[in-house]
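Below: the structure, in structure tokens.
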Amino acid sequence: MDVALALLIISASVLLIGIYLHSDDDSIDGDRGQQALQTLQGSTVTITYDLSAENDSGHAATDSDNYELPNRLEPDDVSELYEITTYGSSTDLLGEAALTNLQIDGRELFAYGDDVERSVEAAIRGRLVGSEGRIYAVATWEPYEGGSINGTATAGEHPPRTADVSSSTTSVSGNVPPVDAERLAERFEFGEEREGSRDDVDDGFDAVGPEIAEPIVEAYFPPRQSQYTLESTLTENAATVYNYRQLADAVDVDLEDEITGTTPDAFAANDVLRGELGDDEGLGSQVADDLRDSPAGEEIRETYDGFGGGRLTDDERAELAATFEEVVSTETIDITVQTWDA
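Numbering (UniProt numbering), first residue to last: 1 to 342.
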């Protein structure tokens, strides 16, 4: 199972984030950081978090206007179902917390993400009791470099400025599918060629935005599982609708017709969330605007403009694809562990 199921809150299920090691460790300044990272990778922990817990700002998902229990259910009757249990390695769960802490332009989407993070931190502290608190771990999901669409989770305290810190970093792959770099290069060229000929296309970023948004929406709302929970009359329905509404609000779309009523349609809801080429709303439009102004976008623009205009040759298109491969990585979560002496 994966983080999307944690977001969907399928009742009575036990969750295991679908994350696996992606690359070799990159140890810096000695072996202590690497040893701490290996300990976390090899340790299986269990966490329980509460959908109704307040986040650091004092807000709870269950208090939101976007959270509505199905008819015939009362809050007092379902309070125990708000608690979700999951297990996995410490690094896997820290990655899950980063994905659950999804934010867009500084806006936190899922209020229960803070409780996921707190639960993971407590589990990591319990696993590393011998470190006397001298450990700091951070997981970061960033679908492209320097964007404002991301998620981060931490455990422990930052090391003192004067500490002799040993660090180790690895990458793990979560359940967000990768995007095809060659496809992104082709779509970027397509958008550039239509700049000025279509009022709804400004440049190549408008064309690649929906391509990057699609796997993100698919990961958070796998359509078949989402369809099941949208049709449910239990608490997983309320959690799914809450998650959909939170993302819909963030990207300025209305999908009430797709997620409520007697005939909800998760496939159609995902299409609305993603948006199409030329749309001013939807995650695709949000990604296009964000990518355009990000460090990743700057590298993409520099590569493309370096070709001097006109239709790209095969070699130029391959070079542009290589740039996309370098700066866009929807599937990757970076994990860094730091430790130090007292």
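From the three backbone atoms N, C-alpha and C, an ideal C-beta is built for every residue, glycine too. These numbers were taken from a predicted model, which means no experiment stands behind them.
Cut-off 7 Å between Cβ atoms - residues of its own chain near residue i, not counting five sequence neighbours on either side
i      : result
THR339 : ARG32, GLY33, ALA36, SER131, ARG134, ILE135, SER166
THR91  : LEU40, GLN41, VAL172, ILE335
ARG107 : ALA250
THR46  : THR85, TYR87
HIS22  : Because HIS22 carries a pLDDT of 38, less than 50, the predicted location of this residue cannot be relied on, and the following value inherits that uncertainty. Closer than 7 Å at Cβ, skipping near neighbours: SER171, VAL172, SER173, THR332.
PRO159 : TYR136, VAL165, GLN338, TRP340
ILE216 : PRO143, VAL176, LEU283, THR330
SER57  : none
ASP29  : With a pLDDT of 46 at ASP29, under the threshold of 50, the modelled position of this residue cannot be trusted, and the question is left open.
Buried versus exposed, by CB contacts within 10 Å (16 or more), residue i
i           : result
residue 364 : Only positions 1 to 342 of the chain appear in the structure, and residue 364 is not among them; the question remains open.
ALA296      : buried
ASP279      : buried
ALA269      : buried
ASP24       : The predicted model places ASP24 with a pLDDT of 43, which falls under 50 and marks its position as unreliable; any figure quoted below should be read in that light. Label assigned to ASP24: exposed.
PHE267      : exposed
ASP114      : buried
ARG161      : exposed
Where the alpha helix (DSSP H) through residue i begins and ends
i      : result
GLU231 : 223-231
GLU83  : It is not in any alpha helix (DSSP H) - GLU83 instead sits in the beta strand (DSSP E) that spans 83-89.
ALA36  : 32-42
SER119 : 113-127
ASP206 : 204-220
Inter-residue Cα distance where the pair is residue i and residue j
i           : j      : result
PRO223      : THR140 : 25 Å
LEU93       : GLY308 : 46 Å
TYR67       : THR262 : 18 Å
ALA321      : ASP180 : 9 Å
LEU238      : PRO264 : Here residue 238 turns out to be Ala, not Leu, going by the sequence shown. So the alpha carbons of these two residues sit roughly 13 Å apart.
SER119      : GLU192 : 46 Å
ALA318      : ALA163 : 45 Å
THR170      : GLU211 : 27 Å
HIS59       : ALA97  : 18 Å
ILE124      : GLY310 : 54 Å
residue 382 : VAL241 : Not covered by the structure: residue 382. The range shown for the chain is 1 to 342.
GLU218      : LEU247 : 13 Å
LEU234      : TYR228 : 11 Å
PHE221      : ARG245 : 12 Å
ALA153      : VAL272 : 29 Å
GLY126      : GLN38  : 16 Å
Neighbourhood of residue i by C-beta, 6 Å cutoff - its chain only, sequence neighbours within 5 removed
i      : result
VAL251 : GLY282, LEU283, GLN286
ASN55  : ALA111, ASP114
ILE300 : THR323
ASP26  : Reliability of the predicted coordinates at ASP26 is poor, the pLDDT of 45 falling under 50, and no value is obtained from them.
LEU69  : ALA238
Residue-chain proximity (residue i, chain D), Cβ-Cβ < 8 Å
i      : result
PRO223 : Annotation note: the requested chain D is absent from the structure, which comprises a single protein chain.
Range covered by the beta strand (DSSP E) that runs through residue i
i      : result
THR332 : 332-340
THR263 : Run containing THR263: none; DSSP gives neither H nor E here.
TYR136 : 135-141
VAL154 : It is Thr, not Val, that sits at residue 154 in the sequence shown. Its beta strand (DSSP E) spans residues 149-156.
VAL172 : 165-173
Neighbourhood of residue i by C-beta distance below 8 Å, restricted to the same chain and skipping five residues each side
i      : result
THR303 : GLU319, LEU320, THR323
VAL201 : GLY191, ARG194, GLU195, ALA207, LEU277, GLY278
PHE188 : GLY204, PHE205, ALA207, VAL208, ILE300, TYR304, LEU320, PHE324
ALA61  : LEU51, SER52, TYR67, PHE110, ALA111, TYR112, ALA239, TYR242
Using a Cβ distance threshold of 8 Å, determine whether the region 83-103 contacts the region 145-165, with at least three qualifying pairs required.
yes
Decide yes or no for the touch test of the region 184-195 against the region 256-267: beta carbon pairs closer than 8 Å, at least 3 of them.
no
May I ask you to verify whether the region 113-128 touches the region 48-67, counting CB pairs closer than 8 Å and requiring at least 3?
yes
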